[in-house]
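Heads up, the thing below is written out as structure tokens.
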Amino acid sequence: MAELKKTVHVMRRAFPDKWGGTESVVFNVARELARQGVESVVFCTAMFSAPGDEVLDGIPVKRFRYVFPWFGLSAEAKGQLRLKGGSPLSLPLFFGLLREKNLSLIHVHVQHRLGGMVRTAARLKGIPYVVSIHGGCFTVPAEQNRQMMAPFKGKLEWGRAFGLLLGARRVLKDADAIICVGENERAEVQRRFPGKSVLYVPNGVDIPRFAGADATLFREAFGFQSTEKIVLCVARIDYQKNQLGLVRAFARFAQHHPDHRLVLIGPVTVEAYRDEVVAEVERLDLAGRVKLIEGLSPGDPLLPSAYAAAEQFVLPSHHEPFGIAVLEAWAAGIPVTACRVGGIPGFAEHEENILLAEPGDEPVLADCMGRLADDEALRGRLSANAFTEVSAKYSWSVAADSIRSVYESVMRNK
């Protein structure tokens, strides 16, 4: 078997102010693999940045020019696609893959045209490629799919020919292995590709960073008094994450809990949705009790401090392939309420280390917040069980070991 020396991670973008779950996985796993002597390089488009090379969080990043290959896209539509990641075409990235030397394999974290470029480059170089599914592939709710496709409605896709040429529709079928972050997604992908190696590798969390944070930093930075109790949600501001439903649930909860404040932290990926959330806060007369913080960079010490300052954490998503934020809250030692969607029920147990509600059930979300606010013993039990679970199973070193095993397996079989 060839020695595992170097891998390229291919993703849509890697920009600190627009950080999400995929970026967290790629950079944390890359750092862990580097400690084991495996070099990692990130290839991505130049969304929100200029083409060129830099080192980001200790990992080399190469950014390439790109286009959204549709006729008639408005500036607003292009802006929405950049925020969401879109479906770009980047021939410079493709040729960059062909030029990259000493590659053992390619790990692609996106499908469509970029995935097709990886498929074709790997075949030309005679090396394996692995696909990770982060955002849900076959389990995305219909309404979210409709929202994602809205900018393309009625537009002519001139880039379709490139997708066909590069085998964009065969990215999963021809992959040497497929990694899913949710057990539900793994089962669905395996059903569709019965002969394929499809593996469940859950995400991880930087446990010391969140377990050792100081709450004072966040409270002082944003003017929260020591008597104010914080209900925290960390997620991009997006229809999928359902901050609108959380605001409505908090309005119910707040009637009986005057000392609590709701804090929403996350980059805005749908500006119209952010405006809806702000309008709903004002309509419900919650302007003094709800604070929206539009994103903190991944290395900002204010982020773990926000968790440390919170009494409880809520993730009200309609769709959640995994839910790294749940692990962050667990590592910080605060109790969690989340929705029973996607990958969350695969690693969290209702009433044991989390409280679960059905997606969109605002009265139950409000009730869960109330239970946690009113019952110190419940908060303590859930938090203790959750910290034990996250410490044993969900460090980034555990995730990196699992991914390295996948790499070594496909290299043996190539």
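Just add 22 to the spot in the sequence shown (first one is 1) and you have the numbering used here.
Just so you know, even glycine gets a beta-carbon here, dropped at the ideal spot from N, CA and C.
Just so you know, these numbers come straight off a predicted model, no measurement behind them.
So which of Val-300, Val-253, Arg-57, Ala-56 has the shortest CA-CA distance to Ala-351? Val-253
Opening and closing residue of the beta strand (DSSP E) in which Thr-29 lies: 28-32
Is the separation between the beta-carbon of Gln-334 and that of Pro-367 shorter than 8 Å? no
Three Cβ pairs or more, each shorter than 8 Å: is that satisfied between the stretch 136-145 and the stretch 417-433? no
Same chain, Cβ closer than 6 Å to Lys-28, neighbours up to 5 away in sequence not counted: Glu-61, Asn-124, Leu-125, Ser-126
Use the C-beta contact count for Arg-296: other C-beta atoms within 10 angstroms, 16 or more gives buried, fewer gives exposed. buried
Cβ atoms of Trp-180 and Pro-91: under 8 Å apart, would you say? yes
Contained alpha helix (DSSP H) runs [length at least 4] in the stretch 248-330, N- to C-terminal order: 265-276, 293-305
By the three-class DSSP mapping on this structure, what secondary structure does Ile-201 have? strand
Could you tell me which of Val-290, Ala-276, Ala-330, Pro-289 sits nearest to Ala-309, measuring between CA atoms? Ala-276
Classify Asn-435 as buried or exposed, calling it buried when 16 or more other Cβ atoms lie within 10 Å of its own Cβ. exposed
Would you mind working out which of Arg-403, Ile-259, Gly-118, Gly-226 sits nearest Glu-371, comparing C-alpha positions? Arg-403
Based on DSSP bridge pairs, tell me the residues matched to Gln-334. Val-253
Thinking C-alpha only, which one of Arg-274, Ile-315, Tyr-261 is nearest Gly-245? Ile-315
Per DSSP, His-129 forms a beta bridge with which residues? His-31, Val-152
Rounded to whole angstroms, what is the Cα-Cα separation between Ala-421 and Val-223? 7 Å
Under 8 Å, with one C-beta from each stretch per pair, do the stretch 231-244 and the stretch 322-332 reach the 3-pair mark? yes
Pick out whichever of Ala-52, Val-153, Ala-68, Arg-208 has its Cα sitting closest to the Cα of Ser-112. Ala-68
Could you give the DSSP three-state label for His-341: helix, strand or coil? coil
Looking only at its chain, what residues have a beta carbon closer than 8 Å to the beta carbon of Gly-118, apart from the 5 residues adjacent to it on each side? Phe-65, Lys-84, Phe-86
Give me whichever residues DSSP pairs with Leu-78 in a beta bridge. Ile-81
Flag Pro-73 as yes when its Cβ comes closer than 7 Å to any non-hydrogen atom of the ligand MN, and as no otherwise. In the structure shown, the ligand MN is absent, as is every other ligand, since no ligand is present at all.
Return the chain-ordered ranges of every beta strand (DSSP E) run that is complete within the stretch 345-418 and spans a minimum of 3 residues. 358-361, 377-379
Tell me which residue opens and which closes the alpha helix (DSSP H) that Glu-242 is part of. 237-244
Identify every residue that forms a DSSP beta bridge with Leu-111. Val-89
Would Ala-52 and Leu-78 qualify as a contact pair, given that the criterion is a beta-carbon distance under 8 Å? no
CA-to-CA distance, Ile-155 to Arg-213, given in whole angstroms: 15 Å
Determine contact between the stretch 378-391 and the stretch 271-285, defined as no fewer than three beta-carbon pairs at a distance below 8 Å. yes
Going by beta carbon distance, what residues of the same chain come within less than 8 Å of Leu-400, once the five residues before and after it are set aside? Pro-357, Arg-393, Leu-394
Cβ pair Leu-349, Val-412 closer than 8 Å: yes
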